[in-house]
Structure formats: structure tokens, C-alpha cells
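**Student:**
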Amino acid sequence: MFYEQKISNLIFILCLIISIVSFTSLIFPTLLIELTNNNPYNDVNIFEFGGWSLPIFIVNSIFLIFYFLQKNSKLPLPFKKLIKYIENNDISKRTTLVILFVMFGIYLLFSIDELGREEFELGDYRGIPDYVKKIQFSEKILSPDLRYVLLHVSYVVFDNLRILPLMASISLLLLTYFITVEISKKRLAGIVAFFILLQSNLFLLFDTTSVYENFWTAFYFLSLYLIFKKPVVSHVAFFLSIVSKPISITLLPINFFAIKASEVTKRNKILLLVGYVFLILLILVAFATDNLTHTQNLELNKENFVTALNEFGNTLRFDGLILLLFFPTLLILKSKTKIIADKINFIFIALSFAMLSQPVMYFAIGMTLQPYRLIPLIVFAAISIGMIFTQTKKLDQL
């Protein structure tokens with residue numbers, strides 16, 4: 001037990017450090033770039049505050065006051081009762097269905113209009129229609145062919161490239177709900193996570209695009225959900241994620257922590273590990289034989305790593321709710337590690353790898369920076385905020 005607590009503390013500290021470094025570009029927009037620039041500008045104030053500095057400082061300060069009051073049992077009685085009520089109660093299945101139905105209805109109402117519009121605002125769209133109509137398969141073993149097959153199906157069956165991407169985004173919303181319920185044992189937590197993702201600017205920007213679709217993200221989170229529910233086929237979903245977009249390989253370590261956090265039998269955990277070991281071997285073989293997309297550009301450029309970290313602020317600057325709740329969520333989850341250590345550790349690891357995914361790719365192979373690659377981080381942030389409402393007693397799940 002002592003060593004488990006030490007490991008939990010170490011995972012939390014690492015997650016906190018990665019988070020602070022990632023958020024630096026929001027607080028001090030030029031700090032990271034100027035400190036690592038070989039030819040820094042002398043007239044640049046590296047400690048000039050960014051637009052999010054004051055809101056993040058105010059919200060986190062207010063939270064810390066409430067947190068320490070609660071920790072020392074000095075919160076006003078109404079707040080104590082509210083916190084206790086939320087911790088010990090959940091919403092019914094019927095209420096959950098109504099809430100999900102209403103949120104889905106609102107979401108689809110605003111999304112349907114996008115289906116009839118072209119995507120010329122995204123420059124990479126120009127080559128997509130012709131490529132999808134005359135689909136050609138790559139000679140590489142692990143290349144993103146599946147995404148083009150699915151786009152081709154969307155075009156042939158629905159005469160619209162955006163239909164299946166929308167369905168993938170809907171699947172991602174549902175998976176966010178079900179994963180959160182599975183690890184928190186609370187429907188309220190799932191509803192909160194669902195809402196946080198649904199209101200995300202980054203999610204709504206790419207939810208119906210055919211250029212930066214969510215196929216790979218949906219398959220990846222399906223692999224996580226299957227670890228908790230149908231473990232023996234989880235690695236199949238992960239493989240589908242890779243052949244939709246190979247960047248999901250950077251998220252692979254998260255799955256091993258999900259396996260540790262899952263409540264499946266020891267036999268199923270062994271089968272899971274065997275399946276993922278074979279998948280790792282396939283990835284290594286593809287890498288060694290130049291059958292993995294983009295790996296021929298291996299360059300290891302540390303300036304690229306810092307540039308990608310600095311891009312974090314630009315990418316998430318419109319996702320205010322997530323930015324404001326991020327650090328309070330980490331602190332609340334840390335206080336729950338004694339109750340459900342494995343699941344909280346899984347969340348901290350997931351957030352850490354999701355934040356480092358794009359910087360690592362840009363550092364290793366110089367892959368262009370794209371905002372859509374942070375959608376897994378948005379999903380994990382939504383799940384972590386939902387996890388605030390975690391409880392230990394098991395309830396009937398939706």
C-alpha cells in the first residue's frame with residue numbers, strides 16, 4: 001500500500017509538471033519560445049501575460065480557498081450538504097436518457113446545417129473529394145487507408161462526405177459518456193463528461209469535417225472502452241485506429257494503464273496484454289521495414305518539441321471551460337487516489353500522454369502541427385472533470 005501511494009504521488013507530480021509546462025503558453029505566450037530560441041529577441045518581454053492569465057488565476061485562487069476550507073471542515077453548512085448530496089446520490093436512468101436525448105437533439109439541430117456546406121475553409125479539403133472517389137490503397141502496412149475507405153463509403157452511400165464523420169463524432173460523445181460511467185460508477189459523471197465534450201470549441205470545429213475526421217479518435221476510445229467491457233477485442237479497435245491515423249500509436253501507453261485500472265478477470269488482462277504485445281511487434285516490424293507512414297522523416301528536433309508545446313495555448317484558447325477547470329480537477333482527483341488509485345492514475349497518465357502526443361510527433365518526425373490532434377486531450381479532460389463525481393459504491397449503469 002505504501003509503494004502504491006508513492007507511485008500515485010509520482011504519477012500525479014509528473015502529470016502536474018507536464019500540465020504546467022503545457023499551460024505556460026497560455027499564461028506567458030512568448031516564454032517557452034524565447035527561452036529555447038538560439039537568437040532571442042532582446043525587446044520581447046517574456047513575462048508578458050496572455051489573455052487567459054487573469055481568468056485562470058482568479059478561478060484557481062477561488063477554488064483553492066474552497067478546497068482548503070473544505071479540507072479543514074470550515075466550509076459553510078449549505079456547501080457541505082451540497083457536496084455530500086452530490087457524492088452520495090446519482091440521477092436515475094430515465095432522467096439520464098432524457099438529458100442525453102435533449103443534448104443530442106440540440107447538437108444535431110446545429111450540426112445538420114454543416115452537412116450541406118463545402119469545407120473550403122480548411123485548405124487540405126481541396127484534394128479530398130477526388131482522392132476519395134478514386135480511392136487507392138497505400139503499399140505501407142500501417143497507413144491511414146481506413147479513413148479513406150470510410151469517406152468513400154460516406155460518399156457512395158450518402159452522397160455526402162460528412163455523414164460518416166458526423167457519426168464518428170456522435171460515437172465519440174457516447175464513448176465519452178460510457179467510459180466515464182464505467183470508471184466512476186456514476187451516471188451524473190457521464191452526463192458531465194458528455195456535456196464538457198459537447199460544448200468544446202475544438203470538438204465542434206472538427207465534428208463534421210471530412211478532412212480532419214474523428215474516425216481514429218473514435219476507434220481509439222472504443223479500444224479503451226472495450227478494455228473495461230469486452231477486453232479480448234480491444235487491440236482490434238486500436239489497430240483500426242492506427243490504420244485510420246497512425247498518430248494514435250503515441251497514445252498506446254495509456255491503454256496499459258487502463259488494463260491495470262480495469263476490473264476484468266486476471267485471465268482477460270493476460271489476454272489483453274498478449275494482444276497488445278502482438279500489436280507492438282507489428283508496429284515495430286512496420287517501423288523497421290519502412291511500412292509506417294511518415295517514419296522515414298525521423299529527425300529528433302528539440303526546437304520542434306518546444307514549438308509544439310507552445311502551440312497548446314493557441315489550440316485551446318477557445319475552450320475556456322476546460323482551461324478554467326483543468327487544475328482544480330487535478331487537485332480534486334488527487335484527493336480521491338486513496339479510494340480508487342488505479343483509475344485516477346489512469347486519468348493522470350492519459351492526460352499526460354495526450355498533452356505530449358503532438359510535441360513528441362513533431363519532435364520525432366517533424367509532422368505538421370494540427371489542432372485536431374488534441375481532441376483526445378479534450379476527451380480525457382472531459383472524462384476527468386466527470387470523474388470529480390466518482391463514488392465507490394456500484395450502481396446500476398445505463
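Using my numbering, the first residue of the sequence shown is number 1, and each one after it goes up by one. Glycine is no exception: its CB is placed at the ideal position from the N, C-alpha and C atoms. From a predicted model like this one, the values you see are computed outputs, not experimental measurements.
Ignoring anything shorter than 4 residues, give me the alpha helix (DSSP H) runs that lie fully in the segment 306 to 386, in order along the chain.
**Tutor:** Qualifying alpha helix (DSSP H) stretches, in chain order: 320 to 334, 341 to 365, 375 to 386.
**Student:** Thinking just about the alpha-carbon of each residue, which of F178, I249, D207, F194 is nearest to the one in I227?
**Tutor:** Answer by Cα proximity: F178.
**Student:** So the candidates are A341, L321, I332, F312; which of them puts its Cα closest to the Cα of I18?
**Tutor:** Out of A341, L321, I332, F312, F312 has the C-alpha closest to the C-alpha of I18.
**Student:** Which two residues bound the contiguous alpha helix (DSSP H) that contains P165?
**Tutor:** From DSSP, the alpha helix (DSSP H) with P165 extends over 163 to 184.
**Student:** Which residues bound the alpha helix (DSSP H) around Q70?
**Tutor:** Here the alpha helix (DSSP H) through Q70 covers 53 to 71.
**Student:** Would you report the Cα separation of F389 and P165, rounded to the nearest angstrom?
**Tutor:** For F389 and P165, the distance between alpha carbons rounds to 31 Å.
**Student:** Under the assumption that M361 contacts A189 (Cβ atoms under 8 Å), give the Cβ distance between them as a whole number of angstroms.
**Tutor:** Contact flag wrong, Cβ pair sits at about 31 Å.
**Student:** Write down the C-beta distance between A288 and A218 rounded to the nearest angstrom, noting that I regard them as a contact closer than 8 Å.
**Tutor:** Wrong, their Cβ atoms sit about 29 Å apart, outside the cutoff.
**Student:** Residue range of the alpha helix (DSSP H) that N268 falls in?
**Tutor:** That run of the alpha helix (DSSP H) goes 266 to 288.
**Student:** Any idea if I347 is buried or exposed, counting beta-carbon neighbours within 10 angstroms, 16 or more meaning buried?
**Tutor:** I347 is buried by the Cβ-count criterion.
**Student:** In terms of residue numbering, what span does the alpha helix (DSSP H) encompassing R147 cover?
**Tutor:** First-last of the alpha helix (DSSP H) with R147: 145 to 158.
**Student:** Quick check: the Cα distance between T95 and K186, rounded to an integer number of angstroms?
**Tutor:** One C-alpha to the other measures close to 13 Å.
**Student:** Can you grab the Cα-Cα spacing for the pair I322 / S22, in whole Å?
**Tutor:** Near 14 Å, if we compare the C-alpha coordinates of S22 and I322.
**Student:** Among the candidates K81, S234, R162, L222, whose CA atom is the shortest distance from the CA of L175?
**Tutor:** Of the listed residues, the one whose Cα sits closest to L175 is L222.
**Student:** Determine the extent of the alpha helix (DSSP H) in which F91 is found, giving its start and end residues.
**Tutor:** The amino acid occupying residue 91 in the given sequence is Ile; Phe does not appear at that position. Looking at the DSSP string, I91 is not in any alpha helix (DSSP H), and its letter there is neither H nor E.
**Student:** By Cβ distance below 7 Å, which residues in the same chain neighbour I332 in space, the five residues on each side in sequence not counted?
**Tutor:** Excluding residues within five positions, the ones whose Cβ falls inside 7 Å are I388.
**Student:** Report yes or no: do the segment 24 to 31 and the segment 45 to 53 share at least 3 C-beta pairs separated by less than 8 Å?
**Tutor:** Touching, yes.
**Student:** Between A350, V243, F195, F68, which lies nearest to G105 when the distance is taken from Cα to Cα?
**Tutor:** The shortest C-alpha separation from G105 is found at F195.
**Student:** Put Q5 into one of helix, strand or coil per three-state DSSP.
**Tutor:** Helix, per DSSP.
**Student:** Could you say which of S335, L316, F239, D159 lies nearest to I403 if we only look at CA atoms?
**Tutor:** The requested residue 403 is not part of the displayed model; the chain covers only 1 to 398.
**Student:** What is the rounded straight-line gap between the Cα of E4 and the Cα of F256?
**Tutor:** Cα to Cα, E4 sits roughly 17 Å from F256.
**Student:** Leaving out five residues before and five after S154 in sequence, what residues of the same chain have Cβ atoms less than 6 Å from its Cβ?
**Tutor:** Cβ within range, chain order: L161, I163, L164.
**Student:** With 16 as the cutoff for other CB atoms within 10 Å, does F68 come out buried or exposed?
**Tutor:** F68 should be labelled exposed.
**Student:** Is Q370 near Y148, with beta carbons less than 8 Å apart?
**Tutor:** Not closer than 8 Å, so no.
**Student:** For the alpha helix (DSSP H) containing N201, list its first residue and its last residue.
**Tutor:** First-last of the alpha helix (DSSP H) with N201: 201 to 206.
**Student:** Any idea if L325 is buried or exposed, counting beta-carbon neighbours within 10 angstroms, 16 or more meaning buried?
**Tutor:** Looking at its Cβ environment, which holds 16 or more other Cβ atoms inside 10 Å, L325 is buried.
**Student:** Using the beta-carbon count (16 or more within 10 Å), is D396 buried or exposed?
**Tutor:** Residue placement at D396 is flagged as unreliable, the pLDDT there being 40, under the threshold of 50; a coordinate-derived value is accordingly withheld.
**Student:** Are the beta-carbon atoms of T30 and I20 separated by less than 8 Å?
**Tutor:** It is not a contact, given that the beta carbons lie outside the stated cut-off.
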